[in-house]
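For reference, the structure discussed in these notes is given below.
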Amino acid sequence: MSKVRAVPFLERGRGGSRGDGLGGAMRGLQSSRLTGYPVHLPESFMSDADRPHRVLNIAPDHAGWRLDAYLSARFSSWSRTAVQKAIKRGEILVDGRRAKASLKLEALDVLRIYTKGYAPDGPPPPLPPVLYEDDRLLVINKPPGLLAHPAGDRFAYAVIGLMKEARPSCRVDLCHRLDRDTSGVMVLSKDLEANTHIKTQLRERSAHLQKTYLALVRGDVDWTERDVRAPIGDRQDTEIRLRRGVTDEGLPARTVFSALQKHSGHSLVQCALHTGRTHQIRVHLEHIGHPILGDKVYGQPDRVFLEWHEQGATPFVRARAGFPRQCLHAWKLRLQHPDGPALELEAPLPRDMQQVVDGALPVWPAPSSTPEAES
Numbered sequence: 011m012s013k014v015r016a017v018p019f020l021e022r023g024r025g026g027s028r029g030d031g032l033g034g035a036m037r038g039l040q041s042s043r044l045t046g047y048p049v050h051l052p053e054s055f056m057s058d059a060d061r062p063h064r065v066l067n068i069a070p071d072h073a074g075w076r077l078d079a080y081l082s083a084r085f086s087s088w089s090r091t092a093v094q095k096a097i098k099r100g101e102i103l104v105d106g107r108r109a110k111a112s113l114k115l116e117a118l119d120v121l122r123i124y125t126k127g128y129a130p131d132g133p134p135p136p137l138p139p140v141l142y143e144d145d146r147l148l149v150i151n152k153p154p155g156l157l158a159h160p161a162g163d164r165f166a167y168a169v170i171g172l173m174k175e176a177r178p179s180c181r182v183d184l185c186h187r188l189d190r191d192t193s194g195v196m197v198l199s200k201d202l203e204a205n206t207h208i209k210t211q212l213r214e215r216s217a218h219l220q221k222t223y224l225a226l227v228r229g230d231v232d233w234t235e236r237d238v239r240a241p242i243g244d245r246q247d248t249e250i251r252l253r254r255g256v257t258d259e260g261l262p263a264r265t266v267f268s269a270l271q272k273h274s275g276h277s278l279v280q281c282a283l284h285t286g287r288t289h290q291i292r293v294h295l296e297h298i299g300h301p302i303l304g305d306k307v308y309g310q311p312d313r314v315f316l317e318w319h320e321q322g323a324t325p326f327v328r329a330r331a332g333f334p335r336q337c338l339h340a341w342k343l344r345l346q347h348p349d350g351p352a353l354e355l356e357a358p359l360p361r362d363m364q365q366v367v368d369g370a371l372p373v374w375p376a377p378s379s380t381p382e383a384e385s
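To convert, take the position in the sequence shown, counting from 1, and add 10; that gives the working numbering.
Printed below as a string of structure tokens:
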């Protein structure tokens, strides 16, 4: 089988938001619903009316909804009373103009939301580096801390939104996900057939598929290679809904670990997946007594994750976790391209992990704010 070597692809500029532009402005000027109700942004916005905001395009099936009813239904955590207050403060614009809570929406209306928590609190992050791109696939090196897909109502920048905006002419979609903290190779498709092709390989563990991760783990491992075959399932002895564990009732799971380097009480381990269970690497490393550095769930009492989720990086969390994020990196991925050839991809270690590998002691550089739960 011939091979396609992953090569860099020149980044394209970021596109504008869908539904934005002259059409939206003209609709705002022509709309009798909004005439005589001028734009009046809150005082905090007056110095920068174009500050980051969230854009929603009204679909035909939502035409006729009241503005406040639509938003409280769209965001389950946003009460109708709170929505009405935000509208009154001028934090929600329809076609670029301030509106009333009772406004009846029309198809193709463009809503702009400036309310804290439901809108960006800053500019978007840089686009993830592109490892490979052609007319069917887009492969990136996902940085740690970036969600693959938005979770919950609260606004957060995510891979899917950033890449859809960067490639507006394509049908960009995720082929798989990585945890928020996990960095490395991530595959997106540009058409439905390519998406199905890649997802099928991942789901069925195709012979063409090979996934290899790198992890920094606690402790000096006393083995060169460790073949772990232990079933993974839900744990009943935890308050953390997403936590998995090795259980007799679990699904078969196999991971082969290879020790690459040991330094200052930590080891760099290569992790080769032979099955694809949720949190498989993290669960298996906890099972053999070498949890991942920075993991707040596995190898920790429940209190670490719960306190981090509710209060952020408290002294207790920082002392127990030892690092801002789990040191897990999707290093290599081998799969079959939708057009036939084998595609081999590799993502370099992110800077924070590389520094530890190079001999620096793990540090938690600065306090972090309360995070959102992992999806």
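Ideal placement from N, C-alpha and C gives every residue a C-beta, glycine not left out.
Predicted model only: the values in this text are computed from it and were never measured.
If contact is defined by three or more beta carbon pairs under 8 angstroms, each pair taking one atom from either stretch, is the segment 345-356 in contact with the segment 233-251? Two segments are said to touch when three or more pairs of C-beta atoms, one from each, lie closer than 8 angstroms; by this definition the segment 233-251 does not touch the segment 345-356.
Please state the DSSP three-state secondary structure of Phe326. Your numbering for residue 326 matches position 316 in the sequence shown. In the structure shown, Phe326 sits in a helix (DSSP, three-state: H, G or I).
Take every Cβ of the segment 355-373, pair it with every Cβ of the segment 186-197, and state whether three or more of those distances are shorter than 8 angstroms. They touch, by the three-pair rule.
Rounded to a whole number of angstroms, what is the C-alpha to C-alpha distance between Glu214 and His284? If you number the sequence shown from 1, residue 214 lands on position 204. If you number the sequence shown from 1, residue 284 lands on position 274. Rounded to the nearest angstrom, the two C-alpha atoms are 11 angstroms apart.
Quick one: grab the DSSP three-state call for Ala35. The residue labelled residue 35 in the question sits at position 25 within the sequence shown. Low local confidence applies: a pLDDT of 39 at Ala35 is under 50, so the model's placement there is unreliable, and no value is given.
Span of the beta strand (DSSP E), counted from its first residue to its last, around Arg344: As a first step, residue 344 must be located in the sequence shown, where it is residue number 334. Element bounds for Arg344: 338-346.
Minimum length 3: unbroken beta strand (DSSP E) runs contained in the segment 69-106: Correct list: 102-104.
Where His218 and Ala352 are concerned, what is the direct C-alpha to C-alpha distance, given to the nearest angstrom? Residue numbering aside, residue 218 sits at position 208 when the sequence shown is read from its first letter. Residue numbering aside, residue 352 sits at position 342 when the sequence shown is read from its first letter. The straight-line gap from Cα to Cα measures roughly 7 angstroms.
Where does Phe386 sit, in a helix, a strand or coil, going by DSSP? With the chain covering 11 to 385 only, the question about residue 386 has no answer from this structure.
For Leu353, the three-state DSSP class (helix, strand or coil): Residue 353 sits at position 343 when you count from the first residue of the sequence shown. Strand, per DSSP.
Whole beta strand (DSSP E) elements within the segment 222-295, 3-residue minimum: 235-239, 242-244, 254-256, 264-273, 276-283, all fully within the segment 222-295.
Name the residue from Lys200, Pro62, Pro136 whose alpha carbon lies nearest to the alpha carbon of Leu172. On the sequence shown, position 162 is the one that residue 172 refers to. Closest by C-alpha distance to Leu172, out of Lys200, Pro62, Pro136, is Pro136.
Measure the CB-CB distance between Gln336 and Asp305 and report whether it falls below 9 angstroms. In the sequence shown, residue 336 corresponds to position 326, counting from 1. In the sequence shown, residue 305 corresponds to position 295, counting from 1. Yes, they are a contact pair.
For Ile123, the first and last residue of its enclosing beta strand (DSSP E): Residue 123 sits at position 113 when you count from the first residue of the sequence shown. For Ile123, the enclosing beta strand (DSSP E) stretches over residues 120-123.
Between the Cα of Gln211 and those of Leu226, Val227, Asp78, Cys185, spot the shortest distance and give me the residue it belongs to. As a working mapping, residue 211 is identified with position 201 in the sequence shown. The residue with the shortest Cα to Cα distance from Gln211 is Cys185.
Assuming Ala158 contacts Glu116 (C-beta within less than 8 angstroms), just tell me the rounded distance between them. As a first step, residue 158 is located in the sequence shown; it is residue number 148 there, counting from the start. As a first step, residue 116 is located in the sequence shown; it is residue number 106 there, counting from the start. Contact between Ala158 and Glu116 does not hold, since the beta-carbon distance rounds to 33 angstroms and is not under 8 angstroms.
Going by other Cβ atoms of all chains shown within 10 Å of its Cβ, with 16 needed for buried, is Asp119 buried or exposed? The residue labelled residue 119 in the question sits at position 109 within the sequence shown. Taking all protein chains shown into account, Asp119 has 16 or more neighbouring C-beta atoms within 10 Å of its C-beta and is therefore buried.
Buried or exposed: Arg122, going by 16 or more other Cβ atoms within 10 Å of its Cβ? Your numbering for residue 122 matches position 112 in the sequence shown. Buried: at least 16 other Cβ atoms inside 10 Å.
Within a Cβ cutoff of 8 angstroms, which residues of the same chain sit near Ile291, ignoring the five residues on either side of it in sequence? Here residue 291 corresponds to residue number 281 of the sequence shown, with the count starting at 1. Taken in chain order, the residues that qualify are Tyr223, Ala225, Thr265, Cys281, Leu283, Ile302, Leu338.
What's the gap between the Cα of Glu317 and the Cα of Thr324? Position 307 of the sequence shown, counted from the first residue, corresponds to residue 317. Position 314 of the sequence shown, counted from the first residue, corresponds to residue 324. So the alpha carbons of these two residues sit roughly 8 angstroms apart.
What's the C-alpha gap between Pro133 and Glu259? Reading the sequence shown from its first residue, position 123 is the one you call residue 133. Reading the sequence shown from its first residue, position 249 is the one you call residue 259. So the alpha carbons of these two residues sit roughly 46 angstroms apart.
Is DSSP giving Leu220 helix, strand or coil here? As a first step, residue 220 is located in the sequence shown; it is residue number 210 there, counting from the start. Checking the displayed sequence, the identity of residue 220 turns out to be Gln instead of Leu. Note: Gln220 maps to strand in three-state DSSP.
Are the segment 65-83 and the segment 138-157 in contact at 8 angstroms, needing three or more beta carbon pairs? Judged by Cβ distances under 8 angstroms, the segment 65-83 makes no contact with the segment 138-157, as fewer than three pairs qualify.
Is it buried or exposed, Leu202, if we count other Cβ atoms within 10 angstroms and call 16 or more buried? As a first step, residue 202 must be located in the sequence shown, where it is residue number 192. So Leu202 ends up on the exposed side.
Which value, in whole angstroms, describes the spacing of the CA atoms of Tyr308 and Glu296? Against the sequence shown, residue 308 aligns to sequence position 298. Against the sequence shown, residue 296 aligns to sequence position 286. CA-to-CA, the gap between Tyr308 and Glu296 works out to about 6 angstroms.
Can you tell which of Pro70, Leu66, Glu175 has the C-alpha that lies nearest to the C-alpha of Asp105? Residue mapping note: residue 105 aligns to position 95 of the sequence shown, counting from 1. Considering only alpha carbons, the answer is Leu66.
Contact under 9 angstroms by Cβ, Phe333 with Val373: In the sequence shown, the residue the question calls residue 333 occupies position 323. In the sequence shown, the residue the question calls residue 373 occupies position 363. For the 9 angstroms CB-CB criterion, Phe333 and Val373 form a contact.
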